[in-house]
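Heads up, the thing below is written out as structure tokens.
Chains as they are written, first to last, in the working numbering: chain A, 7 to 115; chain B, 3 to 114.
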């Protein structure tokens, strides 16, 4: 199975908040990342959190980290149609990142 | 800066053919990576490199080879293409091993 697990789909109404959840396995991960992939494009870094933090806020994005449960979440406030994409959670492991399968977020009017 | 560039964008191969996927970065990054992305499966690491002359296997290296003769370039070689290698291939680079990775636009490969 995957080392990093995410739900595969999320549908949200425009203007509502989206919450994407992720569980990871390596408690020694230094950083945890959220990447965004738009159709036909590569991944772009959305935000990240250092492992000694519980929360990070960046404009409409809020990342919450629960190290005890190895749970990471990304909240997008006031979701817009441009937020429709696949969102990947990733944990750092030595020289590499380990990615989840991605959550496809669909924003409906 | 062009960032990470990949060529070609698309390719169709016949079973048993060979090809090289090109990847280059102009950010002077030491670390470079090759991933494949299959539908609903996320990204799987094929090979990675921590610097010129140094490469190592990732999760799914079988059927692929890489070389890293310069800091800038990290080509991926498929010697005997198989239908199971139909996928989208992404190259990425980073300054630090656990740092932000910058991705290329991808190569969509179909093996028939």
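No residue lacks a Cβ here, since even glycine has one placed at the ideal position from N, Cα and C.
Exercise. Quick one: what's residue 109 of chain B bridged to in DSSP?
Worked result: In the DSSP output, where bridge partners are listed per residue, residue 109 of chain B has B:91.
Exercise. According to DSSP, which residues form a beta bridge with residue 77 of chain A?
Worked result: A:29 and A:72
Exercise. Do we get a CB-CB distance below 8 Å when we pair residue 30 of chain A with the residues of chain B?
Worked result: no
Problem set entry | Beta-bridge pairing of residue 45 of chain B - partner residues as DSSP gives them | B:39
Exercise. Applying a beta-carbon distance threshold of less than 7 Å, which residues of chain A neighbour residue 160 of chain B?
Worked result: The structure shown does not extend to residue 160 of chain B, since chain B is modelled only from 3 through 114, so no value can be given for it.
Exercise. With 8 Å set as the bound, which would you pick, yes or no: does the beta-carbon of residue 15 of chain A sit closer than that to a beta-carbon of chain B?
Worked result: no
Exercise. Going by the CB atoms, is the gap between residue 91 of chain B and residue 15 of chain B shorter than 8 Å?
Worked result: no
For this session: State yes or no: is the beta carbon of residue 105 of chain B nearer than 8 Å to at least one beta carbon in chain A?
Result: yes
Exercise. By how many angstroms is the C-alpha of residue 100 of chain A removed from the C-alpha of residue 93 of chain A?
Worked result: 22 Å
Exercise. Of all Cβ atoms in chain E, is any one closer than 8 Å to the Cβ of residue 53 of chain B?
Worked result: You won't find chain E in this structure, because its protein chains are A and B.
Problem set entry | Local Cβ density within 10 Å of residue 84 of chain B, reported as buried at 16 or more and exposed below that | exposed
For this session: With a 10 Å radius around its C-beta and 16 neighbouring C-beta atoms as the bar for buried, classify residue 14 of chain A as buried or exposed.
Result: exposed
For this session: Please compile the residues from chain B whose C-beta is within a distance smaller than 9 Å of the C-beta of residue 53 of chain A.
Result: Correct list: empty, because the minimum Cβ distance to chain B is about 10 Å.
Problem set entry | Contact between the stretch 53 to 68 of chain B and the stretch 50 to 63 of chain A (3+ Cβ pairs under 8 Å) | no
Exercise. Using the beta-carbon of each residue, which ones in chain B are nearer than 7 Å to residue 98 of chain A?
Worked result: 100
For this session: Consult DSSP for residue 7 of chain A and reduce its assignment to one of helix, strand or coil.
Result: Low confidence applies here, because residue 7 of chain A scores a pLDDT of 44, under 50, leaving its location unreliable and the question unanswered by this model.
Exercise. Nearest to residue 103 of chain B by CA position, among B:54, B:35 and B:18, is which residue?
Worked result: B:35
Exercise. Alpha carbon to alpha carbon, how far is residue 50 of chain A from residue 105 of chain A?
Worked result: 13 Å
Exercise. In this structure, does DSSP put residue 90 of chain A in helix, strand or coil?
Worked result: coil
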